[in-house]
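Reviewing the structure listed below.
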Amino acid sequence: MLRLALKMLFGDRAKYGMLVCGLSFCALLMSQQTSVFCGLLLWTTATVRNIRVPIWVADSKVEQANEVVPMREIEVQRVRSVPGVQWAVPLFWGIQQARLPDGTFQAIQLTGLDGASLVGRPAIIRSGRIEDLRLPNAVIVDQVAISKFAKRGIRLKIGTVFEINDKEARVVGICETQRSFLGQPYVFTTYSRALEYAPPQRKLLSFILVQPKPGQDAGTLVRRISECSGLRAFESDAFSWGTLMWYVRNTGIPISFGTVVLLGLVVGIAIAGQTFYLFVHENMRFLAALKAMGATFGVLAQMVLLQAFTVGFIGYGIGVGIAAIFGNLVLQKGEPPFYMPWQILVFTGAVILVICSLSAAVGLVKIARTEAAMVFK
Amino acid sequence: MSASLSPQIAVRTVDLGKTFGKGEGTVHALKGVNFEALCGELLMIVGPSGCGKTTLLSVICGTLGHDTGSVTVFGQDLAQLSSGKLTAFRGKNVGFVFQQFNLIPTWTALENVSVPLLLNGSSHSDAQSASAELLREVGIGEKLHSLPTELSGGQQQRVAIARALVHRPRLLICDEPTAALDAASGRKVLELIKARVCSPERCVIVVTHDSRIFPFADRIAEMEDGQMKAVHSAGEWKALYV
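As they're listed, the protein sequences go chains A and B.
Each residue of the first sequence is one higher than the one before, counting from 3 in the working numbering.
Each residue of the second sequence is one higher than the one before, counting from 437 in the working numbering.
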């Protein structure tokens with residue numbers, strides 16, 4: 003009977019097509035939009051993922067990774083003095099203006115690494131050597147800088163010279179970084195040179211990067227640093243999550259994406275639910291005939307559920323498949339952001355399952371209420 | 437099983453009553469109907485529209501509950517059966533031929549016919565082979581894989597009859613089986629039913645308006661206003677009305 007139930011579904015091509023299209027659209031809208039949302043949020047933690055240290059220390063007022071409240075340089079020494087700290091190094095991070103050879107300006111994320119250790123160095127160096135950062139006026143730029151400069155006709159390569167706040171910067175390497183929320187290129191240099199590039203201020207230290215001693219629990223050390231220094235310390239993962247949640251709480255991003263996802267859900271329920279109801283309604287005479295011939299409600303329920311979940315499965319596959327193709331295409335271009343973890347697939351599948359279950363339930367209620375005797379009317 | 441029933445009585449109704457609606461809109465569709473259908477006979481139920489023929493048919497085959505009285509089919513009081521058991525009883529013992537055929541349009545003739553067997557637990561291959569054999573016997577062996585829309589009205593009704601008979605039910609219920617057919621096709625359908633179904637252990641009940649098929653009846657039950665007015669033998673009917 004289940005085989006025949008599928009034939010009944012596939013035989014009504016118009017409704018079958020409508021159901022699959024509705025559910026595909028719903029799955030596409032939800033998976034694509036949630037993936038863009040996740041990608042966008044992931045961009046907000048790019049600095050944490052690019053620098054890669056276990057513990058971050060910032061001013062006590064700092065709430066997230068893209069917020070800088072400058073500290074005094076003495077704070078590095080205070081953190082180093084906290085028991086359990088293996089080492090602690092300063093980090094400069096801030097938005098600066100680069101003046102390109104053609105005279106135009108480009109905002110950059112200037113990242114000043116500790117000159118001795120180069121802790122926080124980019125994970126992937128495409129060309130050049132990280133040690134060359136110690137050369138005079140040396141900077142390493144990322145792939146975003148390459149593409150941004152290229153749009154202005156400037157082919158950035160090792161040896162290219164540009165200016166940061168009227169001071170010369172010479173490219174000694176090209177690296178690869180995680181793209182940031184603001185979309186500005188990362189420019190790496192040493193901490194001391196970053197302070198030269200940055201406009202003079204009394205306080206210029208952005209973050210302190212900390213490594214716990216071997217065997218030292220990072221969570222315990224974070225609490226100890228906060229208590230001893232009065233600064234705010236974060237474990238790397240907590241800093242990333244805190245940053246994500248800050249954007250969720252303080253921006254309209256979740257609402258705008260949530261609205262689209264909700265729209266997908268409503269469209270899915272409206273199209274799939276209504277079409278499936280019509281499908282059951284139009285077949286009610288035949289279902290009643292089956293009921294009269296001895297089909298129990300259980301058999302009819304199995305048939306209807308199989309039909310509902312079959313269109314759900316196909317619609318889900320098509321929708322998520324198109325979203326994945328879209329993601330694959332945009333990832334190569336670098337924008338818009340796209341990140342599709344398995345949780346999105348599970349979430350979308352669960353929503354489609356709910357829509358199909360609701361649609362089937364509406365049909366089953368109608369079947370349950372219909373007397374087999376209607377076949378004689 | 438009721439011990440009081442004679443084995444040759446297929447269906448018996450006693451003071452059968454059925455009411456639809458409540459208050460001023462109440463319709464008394466059946467008002468104490470008493471009648472018997474015997475094994476081996478083709479009984480036709482006739483009467484004007486709205487007299488309760490279809491309601492009686494629905495109650496007899498257990499697709500509609502009754503309010504008063506009793507209905508016994510092959511010795512089984514239908515009121516004593518739970519919903520599930522009634523469905524199983526119907527699936528095993530009753531075959532249906534509907535006015536509008538009710539063949540599922542997206543299934544082939546073979547698939548439509550195999551449904552009662554599948555519902556009774558037969559395997560797919562057994563159901564297919566038995567259905568194909570029966571379709572050949574009713575004369576449409578070359579249309580096994582045709583959809584209902586590719587068949588003429590007469591052919592569709594043959595498929596419907598094959599579907600009603602494939603699981604060898606003891607009671608065949610036909611609701612206006614010739615209403616959608618021309619005279620020749622209607623006659624052929626009745627000839628088929630008469631030839632293939634009427635046997636000592638089976639009973640056929642046909643509700644019809646079509647006087648052209650009256651000659652095929654063994655007895656004709658006349659209903660009027662929710663009551664059984666009279667039950668005539670074929671000869672009596674012919675003497676009275678022809």
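Positions of the beta carbon are idealized from the N, C-alpha and C atoms, including for glycine.
For clarity, every value in this text was computed on a predicted model and none was experimentally measured.
Please confirm whether residue i has its beta-carbon closer than 8 Å to some beta-carbon of chain A.
| i | result |
| --- | --- |
| residue 455 of chain B | no |
| residue 540 of chain B | yes |
| residue 524 of chain B | yes |
| residue 547 of chain B | yes |
| residue 611 of chain B | yes |
| residue 447 of chain B | no |
| residue 528 of chain B | yes |
| residue 551 of chain B | yes |
| residue 554 of chain B | yes |
Taking a contact to mean a Cβ-Cβ separation below 8 Å, would you say residue i touches residue j in this structure?
| i | j | result |
| --- | --- | --- |
| residue 672 of chain B | residue 644 of chain B | no |
| residue 56 of chain A | residue 237 of chain A | yes |
| residue 32 of chain A | residue 277 of chain A | no |
| residue 166 of chain A | residue 98 of chain A | yes |
| residue 496 of chain B | residue 659 of chain B | no |
| residue 310 of chain A | residue 362 of chain A | yes |
| residue 244 of chain A | residue 65 of chain A | yes |
| residue 190 of chain A | residue 115 of chain A | yes |
| residue 632 of chain B | residue 606 of chain B | no |
| residue 227 of chain A | residue 59 of chain A | yes |
| residue 491 of chain B | residue 454 of chain B | yes |
| residue 37 of chain A | residue 346 of chain A | yes |
| residue 86 of chain A | residue 213 of chain A | no |
When you compare only the Cα positions, how much space is there between residue i and residue j?
| i | j | result |
| --- | --- | --- |
| residue 317 of chain A | residue 20 of chain A | 10 Å |
| residue 522 of chain B | residue 375 of chain A | 13 Å |
| residue 476 of chain B | residue 444 of chain B | 8 Å |
| residue 651 of chain B | residue 627 of chain B | 11 Å |
| residue 47 of chain A | residue 249 of chain A | 10 Å |
| residue 26 of chain A | residue 274 of chain A | 10 Å |
| residue 327 of chain A | residue 354 of chain A | 20 Å |
| residue 162 of chain A | residue 101 of chain A | 12 Å |
| residue 210 of chain A | residue 155 of chain A | 37 Å |
| residue 168 of chain A | residue 199 of chain A | 8 Å |
| residue 514 of chain B | residue 501 of chain B | 9 Å |
| residue 123 of chain A | residue 271 of chain A | 49 Å |
| residue 239 of chain A | residue 557 of chain B | 58 Å |
| residue 28 of chain A | residue 22 of chain A | 10 Å |
| residue 179 of chain A | residue 128 of chain A | 10 Å |
| residue 478 of chain B | residue 634 of chain B | 7 Å |
| residue 69 of chain A | residue 315 of chain A | 44 Å |
| residue 381 of chain A | residue 126 of chain A | The question about residue 381 of chain A has no answer here: the residues shown for chain A are numbered 3 through 379. |
Pull the bridge partners of residue i from the DSSP assignment, please.
| i | result |
| --- | --- |
| residue 669 of chain B | B/655 |
| residue 531 of chain B | B/608 |
| residue 339 of chain A | None, per the DSSP bridge assignment. |
| residue 172 of chain A | A/140 and A/163 |
| residue 92 of chain A | A/210 |
| residue 639 of chain B | B/607 |
| residue 107 of chain A | A/101 |
| residue 448 of chain B | B/472 and B/508 |
For a cutoff of 8 Å on Cβ pairs, would you count residue i as touching chain B?
| i | result |
| --- | --- |
| residue 371 of chain A | no |
| residue 183 of chain A | no |
| residue 298 of chain A | yes |
| residue 288 of chain A | yes |
| residue 367 of chain A | no |
| residue 375 of chain A | yes |
| residue 6 of chain A | yes |
| residue 17 of chain A | no |
| residue 378 of chain A | yes |
| residue 52 of chain A | no |
| residue 301 of chain A | yes |
| residue 294 of chain A | yes |
| residue 305 of chain A | no |
| residue 20 of chain A | no |
| residue 335 of chain A | no |
| residue 13 of chain A | yes |
| residue 9 of chain A | yes |
| residue 272 of chain A | no |
Exercise for the section: Can you give me, in chain order, the residues of the segment 463-493 of chain B that have a beta carbon less than 7 Å from any beta carbon in chain C? Expected result: Checking the listed chains, one finds no chain C in this structure; the protein chains it contains are A and B.
Exercise for the section: Count the C-beta pairs between the segment 136-152 of chain A and the segment 81-92 of chain A that are closer than 8 Å, then say yes if the count reaches three, no if not. Expected result: no
Handout entry: Stretch-stretch touch, CB-based, cutoff 8 Å, three pairs: the segment 616-625 of chain B with the segment 582-593 of chain B
Key = Contact annotation: the segment 616-625 of chain B touches the segment 582-593 of chain B, with at least three C-beta pairs closer than 8 Å.
Handout entry: Stretch-stretch touch, CB-based, cutoff 8 Å, three pairs: the segment 598-609 of chain B with the segment 532-547 of chain B
Key = yes
Practice task
Could you say if the segment 36-55 of chain A and the segment 335-343 of chain A meet the contact criterion of at least three C-beta pairs nearer than 8 Å?
Solution key: Judged by Cβ distances under 8 Å, the segment 36-55 of chain A makes contact with the segment 335-343 of chain A, as three or more pairs qualify.
Problem - Segment contact, 8 Å Cβ cut-off, at least three pairs: the segment 541-548 of chain B with the segment 573-584 of chain B - result: yes
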